[in-house]
Amino acid sequence: MLQSLTIELTKTKKQQPPADQLGFGNYYTDHMFIMDYEEGKGWHSPRIVPYQPIVLDPAAKVFHYGQTIFEGLKAYKTDDGRVLLFRPQKNFERMNRSNERLSVPELPVDDAIEALKQLLTVDQDWIPSAPGTSLYIRPFIIATQPQLGVAPSTHYYFMIIMSPVGAYYKEGVNPVKIFVESDYVRSVKGGVGEAKTAGNYAAGLKAQEVAKEKGYSQVLWLDGVHRKYIEEVGSMNVFFKIAGTVYTPALNGSILAGVTRGSIIELLKHWNIPVVERPITIEELYEADRNGQLEEAFGTGTAAVISPIGELNWKDDVLLINGGNTGELSKKLYDTLTGIQVGKLPDPLGWMVEATVVRA
Ligand SMILES: *Cc1c(COP(=O)(O)O)cnc(C)c1O
52 MLQSLTIELT
62 KTKKQQPPAD
72 QLGFGNYYTD
82 HMFIMDYEEG
92 KGWHSPRIVP
102 YQPIVLDPAA
112 KVFHYGQTIF
122 EGLKAYKTDD
132 GRVLLFRPQK
142 NFERMNRSNE
152 RLSVPELPVD
162 DAIEALKQLL
172 TVDQDWIPSA
182 PGTSLYIRPF
192 IIATQPQLGV
202 APSTHYYFMI
212 IMSPVGAYYK
222 EGVNPVKIFV
232 ESDYVRSVKG
242 GVGEAKTAGN
252 YAAGLKAQEV
262 AKEKGYSQVL
272 WLDGVHRKYI
282 EEVGSMNVFF
292 KIAGTVYTPA
302 LNGSILAGVT
312 RGSIIELLKH
322 WNIPVVERPI
332 TIEELYEADR
342 NGQLEEAFGT
352 GTAAVISPIG
362 ELNWKDDVLL
372 INGGNTGELS
382 KKLYDTLTGI
392 QVGKLPDPLG
402 WMVEATVVRA
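The sequence shown begins at 52 in this note's numbering and counts up one residue at a time.
If you want it as structure tokens, here you go:
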């Protein structure tokens, strides 16, 4: 299919913002990838075009029934000018699991990665190289059929847009304060929490807003049935180091299977540090703290990579983790993972994929 990829280059290149003013998701590269789906015809007409608005019918299903999937991954520029992607096949495989859940047609993984590599080649000047910066890549699918019946769309767009992003931590890795959410829930087993679909994030905004008003940067989500089992932190997976062992909630049907989560587990195993995936209650976390065994806590995700947790507030019971400081293991994981991603450290588990393609 990608044999038919057409590339229309922009006539006017945008001015690129300075590396220290990037922030997250504020600027977009000169081009984007787009491909159509039509029932009976499949995915077709892959093309790279200048970054531009898209025109949709107001009745397009995505606006009404939320049939949409997204992904998030990053490209990095190495000191010797190579372009690296972190485990891109994992993202597109996950996209297909999300697609399956939302009755969206399957996307051919190899073609999606090839499209991304072509887009990266066209816009490679946009990959920032200052320490901590990267190019955030947002593949997504939207239902475009203009029809108000509640049924899977017959038409879709698959698109990839890219955004140069700044250093997540401007002054080193800093711990965040987290509010443990007891009223709102993000998802339940059998719902769409396992899928990277828009509704999950819209559903989480209210709790996030309330937590922010209370001075917390994110919420820790508990399970939707018992309000007892720990699920995720904001839109990150969560890990705890208790008496030398690292614990993370087992994937239970309402937790998103993070690529970073999986990579951290693999890395810990590679280092022979015990790591356990199992249900974890909020009570047992507070209990571990009372026993002096709760050593570290951190969130994991593509945007921040590792986000240490310095404080938890559960029903006004405030718990300080590692004195509110970044733990040794959190720091080591952050340094190792980011070092591998930018090509400064060896890649013992074979994660990085070279992205630039040579075109005739
Ligand atoms: C994207 C996401 C994560 C992190 O996944 P990564 O693949 O590590 O970026 C975790 N939880 C939620 C809810 C997410 O949307």
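Built from N, CA and C at the ideal position, the CB exists for glycine as well.
**Item:** Burial state of Trp177 (16 or more Cβ within 10 Å)
**Value:** Residue 177 sits at position 126 when you count from the first residue of the sequence shown. Label assigned to Trp177: buried.
**Request:** Could you please give the first and the last residue of the uninterrupted beta strand (DSSP E) stretch that includes Phe290?
**Result:** As a working mapping, residue 290 is identified with position 239 in the sequence shown. Here the beta strand (DSSP E) through Phe290 covers Asn288 to Ile293.
**Asked** What residues in its chain sit with their C-beta under 8 Å from that of Asn334, if we drop five residues either side in the sequence?
**Response** Indexing the sequence shown from 1 puts residue 334 at position 283. Here residue 334 is Glu; the residue named in the question, Asn, does not match the sequence. The answer, listed in chain order, is Lys279.
**Prompt:** Leaving out the 5 sequence neighbours to the left and right, which residues in its chain are closer than 6 Å to Arg329 when beta-carbon positions are compared?
**Reply:** Working through the sequence shown from its first residue, we reach residue 329 at position 278. The answer, listed in chain order, is Ala301.
**Request:** Quick one: which unbroken beta strand (DSSP E) runs of 3-plus residues sit fully inside the stretch 246 to 308? Chain order, please.
**Result:** 269 to 273, 281 to 284, 288 to 293 and 296 to 299
**Prompt:** Counting Cβ pairs, one atom from each stretch, are 3 or more of them under 8 Å apart for the stretch 75 to 91 and the stretch 207 to 218?
**Reply:** yes
**Message:** I need the boundaries of the beta strand (DSSP E) containing Asp340, first residue and last residue.
**Reply:** Within the sequence shown, numbered from 1, the residue matching residue 340 stands at position 289. Asp340 -> not in any beta strand (DSSP E); alpha helix (DSSP H) instead, spanning Ile333 to Arg341.
**Asked** In chain order, what are the residues with a CB under 6 Å from some non-hydrogen atom of ligand 2?
**Response** As far as ligands go, the structure on display features ligand 1 and does not contain ligand 2.
**Prompt:** How would you label Ala411, buried or exposed, when you count the other beta carbons within 10 angstroms and need 16 or more for buried?
**Reply:** Locating residue 411 in the sequence shown gives position 360, where the first residue counts as 1. Because Ala411 sits at a pLDDT of 43, beneath the cut-off of 50, its placement in the model cannot be relied upon, and the following sentence gives the value as read from the coordinates. Ala411 should be labelled exposed.
**Asked** If you follow the beta strand (DSSP E) that Pro97 is part of, which residue opens it and which one closes it?
**Response** Reading the sequence shown from its first residue, position 46 is the one you call residue 97. Residues Gly93 to Pro101.
**Request:** Pull up the DSSP beta-bridge partners for Thr119, would you.
**Result:** In the sequence shown, residue 119 corresponds to position 68, counting from 1. Partner(s): Ile193.
**Message:** Considering Cα atoms alone, identify which of Ala258, Ala253, His115 and Met213 is closest to Pro197.
**Reply:** Reading the sequence shown from its first residue, position 146 is the one you call residue 197. Out of Ala258, Ala253, His115 and Met213, His115 has the C-alpha closest to the C-alpha of Pro197.
**Request:** Decide if the stretch 213 to 220 is in contact with the stretch 146 to 157; the criterion is three or more beta carbon pairs, one per stretch, under 8 Å apart.
**Result:** no
**Request:** Take the Cβ of Lys64 as the centre, count every other Cβ of all protein chains shown within 10 Å, and call the residue buried at 16 or more, exposed below.
**Result:** Taking the sequence shown and counting its residues from 1, the one referred to as residue 64 is at position 13. So Lys64 counts as exposed.
**Request:** Return the residue from the list Leu384, Gly183, Ile188 and Val326 that minimises the CA-CA distance to Leu171.
**Result:** Here residue 171 is taken as the residue at index 120 of the sequence shown, counted from 1. Of the listed residues, the one whose Cα sits closest to Leu171 is Ile188.
**Prompt:** Smallest Cα separation from Val326: which of Ala355, Ile293 and Thr311?
**Reply:** Here residue 326 is taken as the residue at index 275 of the sequence shown, counted from 1. Nearest of Ala355, Ile293 and Thr311 to Val326, Cα basis: Ile293.
**Request:** Check the C-beta distance from Gly255 over to Gly309 and give it rounded, since I have them as a contact under 8 Å.
**Result:** Counted from its first residue, the sequence shown places residue 255 at position 204. Counted from its first residue, the sequence shown places residue 309 at position 258. Actually they are not in contact, since the Cβ atoms of Gly255 and Gly309 sit about 15 Å apart, beyond 8 Å.
**Request:** Please specify which runs of the beta strand (DSSP E), each continuous and at least 3 residues long, are wholly inside the stretch 150 to 218, giving them in chain order.
**Result:** 185 to 194 and 206 to 216
**Prompt:** How about Ala253 and Thr195: do their beta carbons lie closer than 7 Å?
**Reply:** In the sequence shown, the residue the question calls residue 253 occupies position 202. In the sequence shown, the residue the question calls residue 195 occupies position 144. No; because the gap between Cβ atoms is not below 7 Å, this pair is not in contact.
**Request:** Quick one: grab the DSSP three-state call for Leu371.
**Result:** As a position in the sequence shown, residue 371 is number 320, starting the count at 1. Looking at Leu371 - three-state DSSP - the assignment turns out to be strand.
**Close beta carbons around Pro182, own chain, < 7 Å, minus the five adjacent residues each side** = Taking the sequence shown and counting its residues from 1, the one referred to as residue 182 is at position 131. Closer than 7 Å at the Cβ level, and outside the excluded window around Pro182, lie Ala218.
**Item:** Bridge-paired residues (DSSP) for Thr57
**Value:** Here residue 57 refers to the residue found at position 6 of the sequence shown. DSSP lists Arg98 as partners of Thr57.
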